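Report on the following structure.
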Amino acid sequence: MSMPMVTVLRYQCRQWHKLCILCRQLQNYENVTNKRAQIIRSFSNLDLNSRRDQLPEWQGVIGLEIHAQIQSVSKLFSGAATNYNASTNTQVAYFDAALPGTLPVLNKKCVEAGIKTALALNCDINMMSLFDRKHYFYADMPAGYQITQYRKPLAINGQMPYVFLCTKTDYMERRSAKIFQIQLEQDSGKSLHDAKAGLSLIDLNRAGIGLMEIVTAPNFTCGDDAASFVRDLRDILVTIGACDGRMAEGSLRVDANISVNRLGEPMGTRTEVKNLNSLRNIRLAVDYEINRQIQLLESGGVVENETRSFDVEDGETLLMREKEKVLDYRFMPEPNLPPLIIHKDLSTSTSDSNVVVIELVKSQMKELPEEKRKRLEEKYKMELKNAVILVRANLSELFEKLVDVHGCNPVTTSALLRYCYVTLLDNLKLGDTAHMASPLREAALLEIAHIFGRGEISLHSAFVLMETLVAQPDQSCIDIIEEKGLWIVTDESVIMSIIEEVCTRNRHAVKAFKKGKKNQFEILRNKVVKKLEGKSSIELVNQLLNAKLKE
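Be aware that the sequence shown starts at 1, since it is given in full-length UniProt numbering, and climbs by one per residue.
Structural data, given as structure tokens:
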């Protein structure tokens with residue numbers, strides 16, 4: 001059904017929004033003492049970019065609410081399509097537009113996606129869950145309520161292992177987060193803003209699309225921590241086919257509940273930062289909000305319980321609305337949907353095609369990313385970082401085939417795939433579609449793996465070889481190596497002459513290294529490798545450069 005534009009709203013530009021916020025703050029200032037007003041005004045002059053590690057007695061506490069759109073050809077309670085790029089208001093059933101007399105029909109595929117997610121996150125599945133109406137009024141929600149699960153959600157009490165990555169130091173470690181619950185609910189519509197006409201229009205294509213809301217415990221401490229969890233969660237959802245994980249398209253959206261407190265004290269007042277739609281924005285918004293709250297408390301202010309948005313351009317959170325009172329959503333049981341019954345196995349189920357059976361859903365589950373990482377580490381003695389990169393790039397199966405079937409060296413093969421093949425895929429914008437559309441023939445990749453494994457070419461030369469084969473797939477590896485002179489340089493006299501030249505031209509770096517500045521070694525080494533055009537063994541360069549610097 002093609003729907004006309006439903007509602008027209010006044011358009012407010014970004015500057016007007018900021019002005020309204022400022023006016024509200026100024027009104028609040030008049031209601032407090034002069035001392036309090038002075039403290040709050042002085043806060044605006046604080047440096048919010050100061051490092052949190054300068055205030056080690058404070059700690060951040062973050063809990064996440066992740067809204068994942070379920071990957072399904074139809075919506076949660078109607079048969080309308082769910083294509084992302086469809087024309088405005090062309091995927092709207094009568095029920096999605098809340099026309100009188102329409103009734104919801106639960107989508108079995110969405111329930112199965114929820115069960116898969118619950119199994120992947122080690123949750124306890126409620127064999128009977130309930131649907132409720134959550135009442136609130138937005139222009140893009142025609143019914144005036146959202147069908148969700150409030151009293152008894154689909155699943156509870158989960159635990160998800162994930163790999164924490166510190167973006168500043170590249171440090172990695174395994175961590176675990178508790179999952180409070182997973183609930184099914186319907187998405188709202190979308191507001192479209194026309195700046196020229198000064199109007200906001202409503203598109204209901206998204207209204208009614210199935211969502212899973214995944215609620216975590218407040219287990220995270222910083223932006224890197226929260227972003228690392230969401231990245232691994234996204235990988236899990238994509239692997240099991242529950243969500244496509246396209247954050248830029250709104251398929252995965254994150255709300256972060258953030259508070260700070262001194263070590264050993266109760267948790268502080270939290271704020272909620274809404275609708276974070278990229279891993280980078282999660283990291284920046286969480287860290288900014290932690291710093292903002294610490295600076296506010298350090299200056300004598302008080303953190304208010306409020307909802308905030310993240311300004312991507314300015315890199316700061318902005319007040320959306322205050323939460324002085326608990327919102328009354330007037331929850332009530334959804335009268336048009338019976339309890340959702342899940343069956344454990346076939347012995348307790350009927351022949352009805354609409355019945356959801358955990359045993360059958362389990363049989364459709366794929367190997368999870370963490371299981372793949374552990375196998376690579378345990379079987380091939382691979383470092384965690386290499387395992388994470390290969391699994392995330394969907395190259396673990398290719399790696400195992402090269403090693404187990406074709407006898408390639410696991411150490412050199414993992415390095416080749418991580419540093420060369422992944423970079424090649426990124427440059428060609430193939431990303432995680434590598435398993436579907438490899439730019440290299442398998443025979444050519446196997447030959448490169450053997451040549452590199454024998455130490456006959458460097459990583460740099462292997463990458464040049466791969467790039468050339470993409471453009472000239474019929475050419476042989478050996479011909480390209482000969483033509484471009486890619487064989488590794490093993491002549492120590494040649495390497496030593498380059499080292500002496502680099503050391504002569506960078507006497508200050510040599511002196512600094514001998515005075516204890518060890519970082520100068522890497523600077524000198526990189527200059528030598530660049531002079532050799534990457535056609536050298538890093539281990540041999542390190543050995544000879546060390547010998548030269550000890551003279």
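Every residue, glycine too, gets a C-beta built ideally from N, C-alpha and C.
These figures come from a predicted structure and were not determined experimentally.
In angstroms, rounded to a whole number, what distance separates the CA positions of residue 99 and residue 420? 56 Å
Less than 8 Å between the CB atoms is what I'm expecting for residue 214 and residue 182, so what's the real figure, rounded? 5 Å
Is the stretch 472 to 490 touching the stretch 530 to 542, taking contact as three or more C-beta pairs under 8 Å? yes
Does the beta-carbon of residue 464 have 16 or more other beta-carbons within 10 angstroms, so that it is buried, or is it exposed? buried
In the structure shown, what three-state DSSP assignment does residue 426 receive? helix
Specify whether the stretch 94 to 111 and the stretch 284 to 299 touch according to this definition: at least 3 beta carbon pairs, one from each stretch, less than 8 Å apart. no
Minimum length 4: unbroken alpha helix (DSSP H) runs contained in the UniProt domain "Asn/Gln amidotransferase" (397 to 549): 410 to 416, 422 to 427, 442 to 453, 459 to 471, 477 to 484, 492 to 505, 507 to 514, 519 to 531 and 538 to 549
Between the Cα of residue 227 and the Cα atoms of 91, 166 and 378, which residue gives the shortest distance? 166
Between which residues of its own chain and residue 268 is the CB-CB distance below 8 Å, once the five residues before and five after are set aside? 61, 259, 260, 261, 293, 297 and 303
The stretch 151 to 161 in contact with the stretch 119 to 137 per 3-pair CB rule at 8 Å: yes
Does DSSP put residue 340 in a helix, a strand or coil? strand
Over what stretch of residues does the alpha helix (DSSP H) that includes residue 284 continue unbroken? 279 to 298
Going by beta carbon distance, what residues of the same chain come within less than 7 Å of residue 161, once the five residues before and after it are set aside? 174, 176 and 370
Nearest CA to the CA of residue 65: which residue from 219, 142 and 410? 219
For residue 142, does the count of other Cβ atoms within 10 angstroms reach 16, so buried, or fall short, so exposed? buried
Evaluate contact between the stretch 449 to 468 and the stretch 407 to 414, counting only Cβ atoms and requiring at least three cross-stretch pairs below 8 Å. yes
Does the stretch 513 to 530 come close enough to the stretch 442 to 453 that 3 or more CB-CB pairs lie under 8 Å? no
Going by DSSP, which residues form a beta bridge with residue 125? 155
Measuring alpha carbon to alpha carbon, tell me which residue in 466, 124, 282 and 417 is nearest residue 221. 282
Through-space distance from residue 251 to residue 365, alpha-carbon basis: 21 Å
Mind checking whether residue 76 and residue 146 have CB atoms under 7 Å apart? no
Let me know the secondary structure DSSP gives residue 261 once reduced to three states. strand
For residue 499 and residue 544, believed in contact at Cβ under 8 Å, the rounded distance: 6 Å
What alpha helix (DSSP H) runs, 4 residues minimum, are completely inside the stretch 205 to 275? 223 to 239
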